[in-house]
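Accompanying notes for the structure given below.
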Amino acid sequence: MRRIYFSWIIAVLGIFGTVYGAYLLIYHFNHGNWLSAFSLVLLIIGIVCLLLSIPVWIISYINNKKMKDEPTHPLVKEEPKKEVVEQPKEEKIEPVQRQKPARSGYISRSDDKTYTSYVPTTVYVKQVGYGPVLRVEGNRILNMRSNTYYRIEGNMVNQEGSGPVFEIVGNQIKNAFGGYLFELSGSNINKVYGGFYASVSGNYISLYDLSMKYEMTDSLSKKQILVVAALLFRSL
14 MRRIYFSWII AVLGIFGTVY GAYLLIYHFN HGNWLSAFSL VLLIIGIVCL
64 LLSIPVWIIS YINNKKMKDE PTHPLVKEEP KKEVVEQPKE EKIEPVQRQK
114 PARSGYISRS DDKTYTSYVP TTVYVKQVGY GPVLRVEGNR ILNMRSNTYY
164 RIEGNMVNQE GSGPVFEIVG NQIKNAFGGY LFELSGSNIN KVYGGFYASV
214 SGNYISLYDL SMKYEMTDSL SKKQILVVAA LLFRSL
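Read in order, the letters of the sequence shown correspond to residues 14 to 249 in my numbering.
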């Protein structure tokens, strides 16, 4: 823009100086003054200014053409980058599932013939109308009437502090050194040499004539039921 203004000023001065200087020179020449120093200087300055304006106009023209040929790119304002702060990931704590103990208080093998390991679940055997008479804790049974403990070890039932009392043979239980006592057949508890004697229905054990009825607070295994039957009914 400054070059354009400068070229216009030079051109105006050149035109003005040339025209006005020539006019004064002719005016003085017509009035007898052949040469006028002022008009001559003004004419020379005007001619010089015109000569100088020509290259200035050429340079301005070339620069303008270059500016038109160059592609114009719009100014794009760069948005300030936002800093992303990573939040620490929360660790998921998976709840620990507790395994429920077996209700029956025992773990049996697949063939259902041997019962070797027990979960210490406390089961009470109560005489209906009176109260608890036996307490079963896995393979350990307390006769609460005599405060005597019995332990099931394999097929033998030992009285703690004494020795073997019963022996379990299949579905039957016998005295350790004597005859057979009871056998478990389905829901019936039979005397080995006497027939039907008691029945197991749900969590109840009832004598054949319903004169006695016992309630179990939870289910028992086959071996536990045989030992309970022997402790309840052996002396009857």
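Cβ coordinates follow ideal geometry from the N, Cα and C atoms, glycine included.
| Item | Value |
| --- | --- |
| Chain-order list of residues whose beta-carbon lies under 6 Å from that of Ala242 (same chain, five-residue window excluded) | Phe195, Ile202 |
| Straight-line Cα distance separating Tyr163 from Ile154 | 5 Å |
| Nearest-angstrom Cα separation, counted from Gln140 out to Val205 | 24 Å |
| Status (buried if at least 16 other CB within 10 Å, exposed otherwise) for Ile67 | exposed |
| Closest residue to Gly151 among Phe29, Val213, Ser248, Gly167 (Cα-Cα distance) | Gly167 |
| Residues bridged to Ser212 (per DSSP) | Asn201, Ser219 |
| Secondary structure of Gly174, DSSP reduced to three states | coil |
| Alpha carbon of Asn156 to alpha carbon of Leu245, nearest angstrom | 9 Å |
| For Gly199 and Arg148, the rounded distance between their alpha carbons | 23 Å |
| Expected contact under 8 Å - CB spacing of Gly213 and Ile181 to nearest Å | Gly is not the amino acid found at residue 213; the sequence shown has Val there. Actually they are not in contact, since the Cβ atoms of Val213 and Ile181 sit about 16 Å apart, beyond 8 Å. |
| For Ala211 and Leu220, believed in contact at Cβ under 8 Å, the rounded distance | 5 Å |
| Contact set for Gln172: own chain, Cβ-Cβ below 7 Å, skip 5 residues either direction | Thr161, Tyr163, Val178 |
| Of the listed residues Asn184, Glu228, Trp70, nearest to Gly144 (C-alpha basis) | Glu228 |
| Where Lys79 falls, given that 16 or more other Cβ within 10 Å makes a residue buried | exposed |
| Element boundaries [alpha helix (DSSP H), containing Leu239] | 235-246 |
| In DSSP terms, what Tyr193 is bridged to | Lys187 |
| Test item: CB-CB of Val138 and Val240 under 8 Å | no |
| Cα-Cα separation, Gln185 to Ser234 | 13 Å |
| Leu64 classed as buried or exposed, judged by whether at least 16 other C-beta atoms fall within 10 angstroms | exposed |
| Beta carbon of Val69 nearer than 8 Å to that of Ile23 | yes |
| Residue(s) in a DSSP beta bridge with Val138 | Leu147, Met229 |
| Opening and closing residue of the beta strand (DSSP E) in which Arg153 lies | 153-156 |
| C-beta contact flag for Leu37 and Gly59 at 8 Å | no |
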